[in-house]
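S.K.:
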Amino acid sequence: MSKISRAQWLNRVGQILGLLGVLFLAYKLFQYQSELDFQNWGIANTAALLGLCLLYGLANLSLTAGWHFSLKYLEYPQEFKWTLNVYAVTQLGKYLPGNIFQFAGRQAMGAAVGIPQKKLALSSLIEVFFLTLAAASYAPTVLPTYFAWISREVSLLLCLLTISIGLIVTALLKPAALSKSGLGYWTQVLTSSSIFVGVYLLAGGTVSSWDQFFVIAGGFSVAWLIGLLTPGAPAGLGVREAAIVLFLAEVAPAPIVLKAALLGRLVTTIGDLLFYLANRVAQKQLALKSH
Numbered sequence: 001m002s003k004i005s006r007a008q009w010l011n012r013v014g015q016i017l018g019l020l021g022v023l024f025l026a027y028k029l030f031q032y033q034s035e036l037d038f039q040n041w042g043i044a045n046t047a048a049l050l051g052l053c054l055l056y057g058l059a060n061l062s063l064t065a066g067w068h069f070s071l072k073y074l075e076y077p078q079e080f081k082w083t084l085n086v087y088a089v090t091q092l093g094k095y096l097p098g099n100i101f102q103f104a105g106r107q108a109m110g111a112a113v114g115i116p117q118k119k120l121a122l123s124s125l126i127e128v129f130f131l132t133l134a135a136a137s138y139a140p141t142v143l144p145t146y147f148a149w150i151s152r153e154v155s156l157l158l159c160l161l162t163i164s165i166g167l168i169v170t171a172l173l174k175p176a177a178l179s180k181s182g183l184g185y186w187t188q189v190l191t192s193s194s195i196f197v198g199v200y201l202l203a204g205g206t207v208s209s210w211d212q213f214f215v216i217a218g219g220f221s222v223a224w225l226i227g228l229l230t231p232g233a234p235a236g237l238g239v240r241e242a243a244i245v246l247f248l249a250e251v252a253p254a255p256i257v258l259k260a261a262l263l264g265r266l267v268t269t270i271g272d273l274l275f276y277l278a279n280r281v282a283q284k285q286l287a288l289k290s291h
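Going by this note's numbering, the residue at position 23 of the sequence shown is 23; the numbering climbs one at a time, nothing skipped.
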């Protein structure tokens, strides 16, 4: 099997998984349609949802910083306003079928200013590595769902341990640019997982302890990671939501988890769009000041 045909095969598998995830969500929506209450949503909930969208949009600055410092580490430093513009423009590419066009966009825009393709590819690998490391550090929180002999207390301790070790090791990396890049990606994962806890509360869930907080944040992070690493599924569409429903099935009633999964997708999508629009406004203002 050639590399091209293998890549095409993996891409199709990812698209099929995404479609199955969407179908799974559609089935769950049909199953719990009478229990999903969006009619009494209210202005306060809408305002809170928009606030979470704004927070997620701001979290993209951490991703931008991660890429900015990775380019500096690879000895091709750029002005932050350039990396911000490129990241904001290309980030929406992840919503296209294939789940790789955000990276392809950065390859093209980076090459346009003379950055070698190899260096740009390495910057993408650095991004995926640190995002995977950070999101995977939450993995212990989902273990009790599948292994009854592992208690929630033990899983929480393991989660805190993996996050702490990961952050310390990343902070100690040399040179400093690589450390700053990694910490940027860690910040995004920790922030987005906390934002999802807010989404969960907005969906009608309750968080009564730190243990429950980390279980919910961890369920989102691991589900997000699965979506990130699934080739072909645009922004992990369907895959992430299905994984959230499965991972948090024992945490809260199914309608609440399903509602949180759907609202979570809405928050991340609108947040990315707001990040793009804010960048467009900022770039125009900078252009006006330079004239």
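Just so you know, even glycine gets a beta-carbon here, dropped at the ideal spot from N, CA and C.
State the DSSP-derived secondary structure class of residue 40, mapped to helix, strand or coil.
M.R.: Residue 40 falls in the coil class under three-state DSSP.
S.K.: Indicate whether residue 110 and residue 102 have their beta-carbon atoms separated by less than 7 Å.
M.R.: No, these two residues do not count as a Cβ contact at 7 Å.
S.K.: Mind checking residue 170: buried by the 16 CB within 10 Å criterion, or exposed?
M.R.: Classification for residue 170: buried.
S.K.: Classify residue 261 as buried or exposed, calling it buried when 16 or more other Cβ atoms lie within 10 Å of its own Cβ.
M.R.: With 16 or more other Cβ atoms within 10 Å, it is buried.
S.K.: Identify whether residue 249 lies in helix, strand or coil by the three-state DSSP scheme.
M.R.: The answer is coil: DSSP assigns residue 249 none of H, G, I, E or B.
S.K.: Could you tell me which of 161, 125, 219 sits nearest to residue 258, measuring between CA atoms?
M.R.: It is 219.
S.K.: Rank 193, 137, 100, 208 by C-alpha distance to the C-alpha of residue 168 and give the top, closest one.
M.R.: For the residues 193, 137, 100, 208, the minimum Cα distance to residue 168 belongs to 137.
S.K.: Nearest CA to the CA of residue 62: which residue from 122, 189, 54?
M.R.: Closest option to residue 62, Cα to Cα, is 189.
S.K.: Determine the direct distance from the alpha carbon of residue 266 to that of residue 49, and round the result to whole angstroms.
M.R.: In a straight line, the C-alpha of residue 49 is about 9 Å away from that of residue 266.
S.K.: Is DSSP giving residue 76 helix, strand or coil here?
M.R.: In this structure, residue 76 counts as coil in the three-state DSSP scheme.
S.K.: Please report the straight-line C-alpha distance between residue 213 and residue 207, rounded to a whole angstrom.
M.R.: The straight-line gap from Cα to Cα measures roughly 6 Å.
S.K.: With 16 other CB atoms within 10 Å as the buried threshold, where does residue 230 fall?
M.R.: Buried, because 16 or more other Cβ atoms sit within 10 Å of the Cβ of residue 230.
S.K.: When you compare only the Cα positions, how much space is there between residue 84 and residue 64?
M.R.: About 6 Å.
S.K.: Can you give me the start and stop residues for the alpha helix (DSSP H) that residue 284 sits inside?
M.R.: Counting along the chain, the alpha helix (DSSP H) containing residue 284 begins and ends at 254-289.
S.K.: Using only the alpha-carbon positions, how far apart do residue 151 and residue 284 sit?
M.R.: Cα to Cα, residue 151 sits roughly 53 Å from residue 284.
S.K.: Counting beta carbon pairs with one atom in the region 73-82 and one in the region 137-147, are three or more of them shorter than 8 Å?
M.R.: No, the region 137-147 does not touch the region 73-82.
S.K.: Can at least three beta-carbon pairs, one atom from the region 182-196 and one from the region 124-131, be found at a separation below 8 Å?
M.R.: With the cut-off at 8 Å, the region 182-196 and the region 124-131 touch.
S.K.: Go ahead and pull the three-state DSSP assignment for residue 96.
M.R.: Residue state, collapsed to three classes: coil.
S.K.: Excluding the 5 residues flanking residue 117 on each side, which residues of the same chain have their C-beta closer than 7 Å to its C-beta?
M.R.: Excluding sequence neighbours, residue 117 sits near 107, 111.
S.K.: Give me the Cα-Cα distance between residue 292 and residue 237, rounded to the nearest whole angstrom.
M.R.: Any question about residue 292 goes unanswered here, given that the chain covers just 1 to 291.
S.K.: Please state if the CB of residue 275 and the CB of residue 57 are separated by a distance shorter than 7 Å.
M.R.: Cβ distance < 7 Å, so residue 57 and residue 275 count as in contact.
S.K.: Where residue 45 and residue 54 are concerned, what is the direct C-alpha to C-alpha distance, given to the nearest angstrom?
M.R.: Near 14 Å, if we compare the C-alpha coordinates of residue 54 and residue 45.
S.K.: Determine the contact status of residue 59 and residue 192, defining contact as a CB-CB distance below 7 Å.
M.R.: Going by C-beta atoms, residue 59 is nearer than 7 Å to residue 192.
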